[in-house]
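Student: Residues in the sequence shown are numbered consecutively from 1324, following the working numbering. Please find one structure pasted underneath; my questions will follow.
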Amino acid sequence: MGFFGNKKEEKVEKVVEKAVVNPSAKASTELSRTSSGQGEASPAKTKTAPDVILAPRITEKASENSTEGGVYVFNVIKSANKIQIGQAVEAQFKVKPKKVRVMNYKAKKRFIKGKWGSSASGKKAYIYLKKGDTIQLM
1324 MGFFGNKKEE
1334 KVEKVVEKAV
1344 VNPSAKASTE
1354 LSRTSSGQGE
1364 ASPAKTKTAP
1374 DVILAPRITE
1384 KASENSTEGG
1394 VYVFNVIKSA
1404 NKIQIGQAVE
1414 AQFKVKPKKV
1424 RVMNYKAKKR
1434 FIKGKWGSSA
1444 SGKKAYIYLK
1454 KGDTIQLM
């Protein structure tokens, strides 16, 4: 009968048996967590070149700057910094950037089909190259 505590004792025994099985699995996961050093970046946080650079930003101003001054403009993820963007350009296009400038652009409000909405916000990066270096976008 369950009124006198017999069921509770059985549950405790089952919990103890399960706990005996799980510590080995937990220990191996804890070892794998502690084996990576504090200075190392975890694989989830590191971004690869295709993850950082979303697309080239093809506008009239950007195309004029790329032909005259060796400045290329890319849409990048919002969390990327200058160092990550520079490394991504180097990995993807095999060109070392001279300078990287980053700019956030905010969303603009739009009125479409009787409802207010907004365009997407984001981040763009200006990549400055040495004279003679080029990037083939298409």
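In this text, a Cβ means the ideal position worked out from N, Cα and C, and glycines have one as well.
#1: Would you say Gly1455 reaches chain D, if we count a Cβ-Cβ gap shorter than 9 Å as a contact?
#2: Determine the DSSP secondary structure at Ile1376, reduced to helix, strand or coil.
#3: Report the three-state DSSP secondary structure of Ser1389 (helix, strand or coil).
#4: So what's Ala1448 in DSSP terms, helix, strand or just coil?
#5: Give me, in chain order, the residues of the same chain whose beta-carbon lies closer than 8 Å to that of Ala1348; leave out the 5 immediate sequence neighbours on both sides.
#6: Taking Lys1447 as the reference, give the member of Thr1371, Ala1372, Leu1377 with the closest Cα.
#7: Can you check DSSP and say which residues form a bridge with Gly1440?
Tutor: Looking at the atomic coordinates:
#1: Included in the structure is just one protein chain, with no chain D present.
#2: strand
#3: helix
#4: strand
#5: Interpretation of Ala1348 is limited by its pLDDT of 49, a score under 50 that renders its predicted location unreliable; no figure is taken from the coordinates.
#6: Leu1377
#7: Arg1433
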